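Read through the structure below, which is laid out as structure tokens, and then see the notes.
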Amino acid sequence: MTILVDRSHTDQNVAGDESVEKNQGNVKEEETELVLDSGFEAPHTNSFGHTFRDYDAESERRRGVEEFYRANHIGQTVDFVRKMREEYGKLNRTEMSIWECCELLNEFIDESDPDLDEPQIEHLLQTAEAIRKDYPDEDWLHLTGLIHDLGKVLLHPSFGELPQWAVVGDTYPVGCEFDESIVHHKYFKENQDYDNPSYNTKYGIYTEGCGLDNVLMSWGHDDYMYLVAKENQTTLPSAGLFIIRYHSFYALHKSEAYKHLMNNEDRENMKWLKVFNKFDLYSKSKVRINVEEVKPYYLSLINKYFPAKLKW
Numbered sequence: 167m168t169i170l171v172d173r174s175h176t177d178q179n180v181a182g183d184e185s186v187e188k189n190q191g192n193v194k195e196e197e198t199e200l201v202l203d204s205g206f207e208a209p210h211t212n213s214f215g216h217t218f219r220d221y222d223a224e225s226e227r228r229r230g231v232e233e234f235y236r237a238n239h240i241g242q243t244v245d246f247v248r249k250m251r252e253e254y255g256k257l258n259r260t261e262m263s264i265w266e267c268c269e270l271l272n273e274f275i276d277e278s279d280p281d282l283d284e285p286q287i288e289h290l291l292q293t294a295e296a297i298r299k300d301y302p303d304e305d306w307l308h309l310t311g312l313i314h315d316l317g318k319v320l321l322h323p324s325f326g327e328l329p330q331w332a333v334v335g336d337t338y339p340v341g342c343e344f345d346e347s348i349v350h351h352k353y354f355k356e357n358q359d360y361d362n363p364s365y366n367t368k369y370g371i372y373t374e375g376c377g378l379d380n381v382l383m384s385w386g387h388d389d390y391m392y393l394v395a396k397e398n399q400t401t402l403p404s405a406g407l408f409i410i411r412y413h414s415f416y417a418l419h420k421s422e423a424y425k426h427l428m429n430n431e432d433r434e435n436m437k438w439l440k441v442f443n444k445f446d447l448y449s450k451s452k453v454r455i456n457v458e459e460v461k462p463y464y465l466s467l468i469n470k471y472f473p474a475k476l477k478w
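Right, dumping it as structure tokens:
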């Protein structure tokens, strides 16, 4: 791994950050006491020179990203999600530490991401270190930044080598109508649940305020890592688990779709997810992290919140 580091970070915001945050749906001041902008400088362009999450920008990745979402929207059905949760929820694949899992991700690049083409461990550390600068006292949030994408080990041969459409990308509920805010929504018309009267209404198989924990989300690394953390009895707070499971749920935290399914605990945890989302999205850059320099700190957090070996 190339090892470079840039630890210098100004506390002044670049002009235009406020408008960028508003466009990403960050929480309004009256909704929470959390400080959402305490120093982190959001870049204006991604690794390819385009605005973030621009799925129409002409780039070498655009066509591949769109084809990814076509396969994703066709394949993510209620039956598929239930099958995956039952199979992978057994956690009988292997036992390994959190850090060992981080190292496994060196082999993969997320084909659904229009903003990044670096190995995943780079993004994990970029996210965690950006959070650490602005929220030095919230060590659980630093660790959440490090581990939030570890479920992408589903791409590894020892985990079944699932196709990328079943591991990465934006997530959304199944079992109710697919909101139009979901990227490349048009491809849902080829999903077998699209015309099913049990699944294609506003509430579908759910009820108002049922709580997102009772909602089937499209299967992928988010839901898998949530199951791993929960079943291995992590001591991360509820907000940490919420971030892990819903950090790719852009229809909710960007477009505010599906809010009718949330309960009070979801709404409280949403405040922290909107904090996290800023760092998850905008820390995708060419700035490299000195892995050996930061590794001892994150190992101490892993030891604090997780067992030495986890079942996966």
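Reading the sequence shown from the start, the letters are residues 167 to 478 in this note's numbering.
Think of the CB as a built atom: it goes at the ideal place given N, C-alpha and C, for glycine as much as any other residue.
This one's a predicted model, so the numbers in the text were calculated from it and none came from an experiment.
The region 336-356 and the region 413-430 touch, with three or more beta-carbon pairs separated by less than 8 angstroms.
For Y254, the enclosing alpha helix (DSSP H) starts and ends at 244-254. The Cβ atoms of S347 and A417 lie closer than 9 angstroms to each other.
Per DSSP, the continuous alpha helix (DSSP H) segment holding L309 begins and ends at 305-313. Shown here, M428 sits in coil according to DSSP, grouped into three states, outside any helix or strand. Judged by pairs of C-beta atoms under 8 angstroms, the region 232-249 touches the region 353-369, as three or more such pairs exist.
In this structure, F445 places its C-beta atom within 9 angstroms of the C-beta atom of G311. D300 counts as buried, since at least 16 other C-beta atoms from the protein chains shown sit within 10 angstroms of its C-beta.
Distance from V334 to H387 at the Cβ level is roughly 6 angstroms; contact confirmed, criterion being Cβ atoms closer than 8 angstroms. Under the three-state reduction of DSSP output, L476 falls in the strand class. Boundaries of the alpha helix (DSSP H) harbouring R236: 228-241, taken from the DSSP string. Contact holds between the region 372-389 and the region 246-259, because three or more Cβ pairs, one in each stretch, are under 8 angstroms apart. Contact annotation: V460 and A294 have beta-carbon atoms nearer than 9 angstroms.
Comparing alpha-carbon positions, the option among G375, E431, Y338, K368 lying closest to N238 turns out to be Y338. Rounded to whole angstroms, the Cβ separation of H419 and M436 is 7 angstroms, and the two are in contact under 8 angstroms.
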